[in-house]
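**Q** I have a structure here, written as structure tokens, and I will follow up with some questions on it.
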Amino acid sequence: DAGVIQSPRHEVTEMGQEVTLRCKPISGHDYLFWYRQTMMRGLELLIYFNNNVPIDDSGMPEDRFSAKMPNASFSTLKIQPSEPRDSAVYFCASSLSLPLGHTEAFFGQGTRLTVV
Amino acid sequence: GESVGLHLPTLSVQEGDNSIINCAYSNSASDYFIWYKQESGKGPQFIIDIRSNMDKRQGQRVTVLLNKTVKHLSLQIAATQPGDSAVYFCAENNQGGKLIFGQGTELSVKP
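Read top to bottom, the protein sequences are chains A and B.
Per the numbering used here, numbering of the first sequence is gapless, rising by one per residue and ending at 116.
Per the numbering used here, numbering of the second sequence is gapless, rising by one per residue and ending at 1111.
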């Protein structure tokens, strides 16, 4: 397996535009996580899915952010409208089960988003 | 105005020396902990984990120690190599499976 695949790797967009980040989890993994990483707040969990169903979205900053998982092999994180403070690296991760035991989460390479 | 970014704690060690990276976690109910390594431009990568019913676990060149009394976790890297240079994060399983990450420590290995 190629691991968790995210696209694009880099995105530069103007304030007010819609941004869509994409993720392909590792095949067979039932859990998918979206994280945001900034210097100010470190790695923050935004939302996670189990079997394509959103379980906990309490980390989503505001209504401008939305995430979907239409099938087991694809998820999107959308920001509309984007703002400069959304600039960060967004990571997608997947795991076989919740990290309650010896079950690590595998991370993608991340999407570096810059909103100007 | 523009926010000022925080500077990560930095640990600088000589190649071949042992490194110890520390982490304080927040939730006494957390029952699972992971150390991740993040190299520049990459996502976090699993290093080693430990459950709360253990106080020590060893891997290849790495050892994790858990002190539940003071809610402290440490990662020891033996014979540190230049390839170990990265940011290291501890993560705790908090509230039913959500991994909460620490601030991170930047390890710099001098040749």
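The beta-carbon is built from N, C-alpha and C at its ideal position, and this holds for glycine as well.
Keep in mind it's a predicted model, so treat the numbers as computed, not measured.
Going by DSSP in three states, P54(A) sits in which element: helix, strand or coil?
**A** Within the first sequence, numbered from 1, the residue matching residue 54(A) stands at position 54. Reduced to three states, the DSSP call for P54(A) is strand.
**Q** I need the DSSP call for D1031(B), collapsed to helix, strand or coil.
**A** Your numbering for residue 1031(B) matches position 31 in the second sequence. Here D1031(B) sits in coil by DSSP.
**Q** Could you give the first and the last residue of the continuous beta strand (DSSP E) run that contains I79(A)?
**A** Here residue 79(A) refers to the residue found at position 79 when the first sequence is read from its first residue. That run of the beta strand (DSSP E) goes F74 to I79.
**Q** So, is H29(A) buried or exposed, given that buried needs 16 or more other C-beta atoms within 10 angstroms?
**A** As a position in the first sequence, residue 29(A) is number 29, starting the count at 1. H29(A) is buried by the Cβ-count criterion.
**Q** Tell me which residues share the same chain as E1106(B) and place their Cβ nearer than 6 angstroms to its Cβ, disregarding the 5 neighbours each side in the sequence.
**A** Taking the second sequence and counting its residues from 1, one reaches residue 1106(B) at position 106. Once the five neighbours on either side are set aside, the close Cβ partners of E1106(B) are L1008, T1010 and V1087.
**Q** Kindly say whether S1003(B), judged by its beta-carbon, lies nearer than 9 angstroms to any beta-carbon of chain A.
**A** Walking along the second sequence from the start, residue 1003(B) turns up at place 3. Caution applies to S1003(B), whose pLDDT of 36 falls short of 50 and renders its modelled position unreliable; the value that the coordinates give is listed next. Yes, its Cβ sits closer than 9 angstroms to a Cβ of chain A.
**Q** Using a C-beta to C-beta distance shorter than 8 angstroms, which residues of chain B count as neighbours of L113(A)?
**A** Numbered from its first residue, the first sequence carries residue 113(A) at position 113. In chain order: nothing, as chain B lies at least about 14 angstroms away.
**Q** Could you check what DSSP says for G1001(B) in three-state terms: helix, strand or coil?
**A** Within the second sequence, numbered from 1, the residue matching residue 1001(B) stands at position 1. Residue placement at G1001(B) cannot be trusted, given a pLDDT of 35 that sits under 50; what the coordinates show is reported in the next sentence. Residue state, collapsed to three classes: coil.
**Q** CB-CB under 8 angstroms to S1052(B), same chain, minus the five flanking residues each way: which ones, in chain order?
**A** The residue given as residue 1052(B) occupies position 52 in the second sequence. If we look at S1052(B) and ignore the five residues flanking it on each side, its Cβ neighbours are S1030, D1031, Y1032, F1033, L1066 and K1068.
**Q** Quick one: what does DSSP say R1051(B) is sitting in, helix, strand or coil?
**A** On the second sequence, position 51 is the one that residue 1051(B) refers to. The answer is strand: DSSP assigns R1051(B) an E or B state.
**Q** For Q37(A), count neighbouring C-beta atoms within 10 Å of its own C-beta (all shown protein chains included) and say buried if the count is 16 or more, exposed if not.
**A** The residue labelled residue 37(A) in the question sits at position 37 within the first sequence. Counting Cβ neighbours within 10 Å, Q37(A) comes out buried, since at least 16 surround it.
**Q** Comparing alpha-carbon positions, which option in A1091(B), V1013(B) and G1043(B) lies nearest I1050(B)?
**A** One-based indexing of the second sequence puts residue 1050(B) at position 50. Checked all of A1091(B), V1013(B) and G1043(B); the closest Cα to I1050(B) is A1091(B).
**Q** So what does DSSP say about G1083(B), is it helix, strand or coil?
**A** What you label residue 1083(B) is simply residue 83 of the second sequence in a count that begins at 1. Three-state result, G1083(B): helix.
**Q** Can you look up P1009(B) in the DSSP assignment and give me helix, strand or coil?
**A** By one-based count along the second sequence, residue 1009(B) stands at place 9. P1009(B): coil per DSSP, three-state reduction.
**Q** Given a limit of 8 angstroms on CB to CB distance, which residues of the region 1037-1056 of chain B reach chain A?
**A** Of all residues in the region 1037-1056 of chain B, G1041, K1042, G1043, P1044, Q1045, F1046, D1049 and R1051 have a Cβ within less than 8 angstroms of some Cβ in chain A.
**Q** Does P70(A) come out as helix, strand or coil in the three-state DSSP assignment?
**A** Counted from its first residue, the first sequence places residue 70(A) at position 70. In the structure shown, P70(A) sits in a strand (DSSP, three-state: E or B).
**Q** Residues of chain A with CB under 7 angstroms from G1104(B), in chain order?
**A** On the second sequence, position 104 is the one that residue 1104(B) refers to. Those within 7 angstroms of G1104(B) in chain A are G42.
**Q** Starting from the beta carbon of D56(A), find every residue of chain B whose beta carbon is closer than 8 angstroms, and list them in chain order.
**A** Locating residue 56(A) in the first sequence gives position 56, counting from the first residue. By Cβ distance, chain B contributes K1098.
**Q** With a 10 Å radius around its C-beta and 16 neighbouring C-beta atoms as the bar for buried, classify M60(A) as buried or exposed.
**A** Residue mapping note: residue 60(A) aligns to position 60 of the first sequence, counting from 1. Buried, since its Cβ has 16 or more Cβ neighbours within 10 Å.
**Q** Quick one: Cα of N1093(B) to Cα of E11(A), how far?
**A** The sequence position of residue 1093(B) within the second sequence is 93, counting from 1. The sequence position of residue 11(A) within the first sequence is 11, counting from 1. Near 31 angstroms, if we compare the C-alpha coordinates of E11(A) and N1093(B).
**Q** Closest to S75(A) by C-alpha separation, out of R41(A), N50(A) and G16(A), would be which residue?
**A** To locate residue 75(A), count along the first sequence from 1; it is residue 75. When only C-alpha atoms are compared, the closest one is N50(A).
**Q** Tell me which residue opens and which closes the beta strand (DSSP E) that V1062(B) is part of.
**A** In the second sequence, counting from the first residue as 1, residue 1062(B) sits at position 62. From DSSP, the beta strand (DSSP E) with V1062(B) extends over V1062 to N1067.
**Q** According to DSSP, is R22(A) helix, strand or coil?
**A** The residue labelled residue 22(A) in the question sits at position 22 within the first sequence. Three-state DSSP puts R22(A) in a strand.
**Q** Can you give me, in chain order, the residues of the region 1013-1031 of chain B that have a beta carbon less than 8 angstroms from any beta carbon in chain A?
**A** Residues D1031.
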